[in-house]
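This report concerns only the one structure given below.
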Amino acid sequence: MAEKSSRGKSSRWTLQNKTALVTGGTKGIGYAIVEELAAFGATVHTCSRNQTELKDCLAEWQKKGFQVTGSVCDVSSQAEREKLVETFSSLFNGKLDILINNVGKDYWKSTVEYTAEDYSFLMSTNFESAHHLCQLSHPLLKASGAASVVFISSIAGVAFYSAGSLYSTAKAALNQLAKNLACEWAKDGIRTNCVAPGLTRTPLVEPYMENENLMKAFFASIPQARAAEPEEVSSMVAFLCMPAASYITGQTICVDGGATVNGFFFQPN
């Protein structure tokens with residue numbers, strides 16, 4: 285019995301021999317996801333708009349013994365998305381086991397302040413890029429036979445959060461896309477899920493972390509009363525890509541310290 289249990293554990297809780305494409309993997313949650321997947325045995329390809337940043341990260345991962353390659357890509361560009369998938373396909377013989385749509389940007393404005401340019405940029409970066417990458421990657425994912433797509437969404441797409449209406453709308457669209465694709469692509473052996481982080485300590489958020497009053501207000505609505513670390517998000521992503529999660533699809537899982545289930549904006553002492 286012990287021997288059987290050991291075999292099951294090793295095969296269900298690993299990403300050995302899996303190929304993965306992670307967008308925006310050189311900082312924040314994306315960086316943590318690349319490391320998490322690689323540490324579990326996956327061979328990862330990632331992308332960044334910044335060539336120097338990408339080169340530095342690839343050197344770090346090589347020192348750690350991770351199998352990671354990378355290419356420069358702005359996923360808000362249709363042509364560059366097409367080139368990214370072509371590059372991946374040529375590197376990994378047309379088979380993709382794991383697709384992580386991680387890239388996201390935000391402008392914190394009130395709804396009436398957004399411009400047409402803001403709308404175009406935020407929607408193309410946060411939603412259109414993920415939707416199009418899924419379209420482009422479908423043949424590669426289907427070739428896997430047991431593929432996993434994970435969208436990095438946000439609790440701003442689940443409940444009201446001070447992140448701006450365009451960002452929140454784009455993230456909510458990702459949540460629905462995961463549901464649709466879960467049903468549409470199940471026959472192809474493809475699972476799709478969303479991970480929706482709450483406040484997470486990333487380079488984007490770090491400047492705000494120094495504002496004690498702002499953080500006090502944020503933490504008052506989070507039962508665990510702190511921000512997440514990127515690794516606490518990437519661990520959920522890795523799990524959803526494992527054989528152990530083979531019956532989980534179409535879900536949006538909040539990694540938020542309890543923020544979205546807290547019905548109050550403060551906790552009594």
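Everything in the sequence shown is counted per the numbering used here, starting at 285 for the first residue and increasing by one.
Idealized CB from N, CA, C, for every residue including glycine.
Quick caveat: nothing in here was measured; it's all calculated off a predicted structure.
When Ile384, Tyr403 and Ser446 are compared, the shortest CA-CA separation from Ile436 is found for Ile384. Residues of the same chain with a CB within less than 7 Å of the CB of Ser408, apart from the 5 flanking positions on each side, are Ser360 in chain order. The Cβ-Cβ distance between Ala529 and Leu321 does not fall below 8 Å.
With contact defined as three or more Cβ pairs closer than 8 Å, the stretch 389-399 and the stretch 319-334 are not in contact.
When rounded, the separation of the alpha-carbon atoms in Gln335 and Gly309 is 12 Å.
Taking all protein chains in view, the Cβ of Glu319 is crowded by 16 or more other Cβ atoms within 10 Å, so the residue is classified as buried. Nearest Cα to His416 within the set Ala466, Thr353, Leu461 and Gly482: Leu461. Per DSSP, reduced to three states, the secondary structure at Gly314 is helical.
Here Cys357 is buried. Its C-beta has 16 or more other C-beta atoms within 10 Å. Secondary structure in the stretch 326-413: the alpha helix (DSSP H) runs of 4 residues or longer, each lying completely within the stretch, are 335-347, 362-375 and 400-407 in chain order.
Secondary structure at Val433: strand, using DSSP grouped into helix, strand and coil. The stretch 462-479 makes contact with the stretch 423-437; the number of CB pairs closer than 8 Å reaches 3 or more. Checking the DSSP bridge columns, you'll see Cys478 partnered with Phe435 and Thr536.
The shortest C-alpha to C-alpha distance from Glu366 to any of Ala466, Phe405, Asp390 and His422 is the one to His422. A direct Cα-Cα distance of roughly 14 Å separates Asn459 from Val539. Approximately 4 Å separates the beta-carbon atoms of Gly542 and Pro507; this is inside 8 Å, confirming the contact.
Where Ala304 is concerned, the enclosing beta strand (DSSP E) starts and stops at Thr303 to Thr307. Taking the CA atoms as reference points, Gly429 sits about 28 Å from Lys455. A straight line joining the alpha-carbon of Asn410 with that of Val545 spans about 25 Å.
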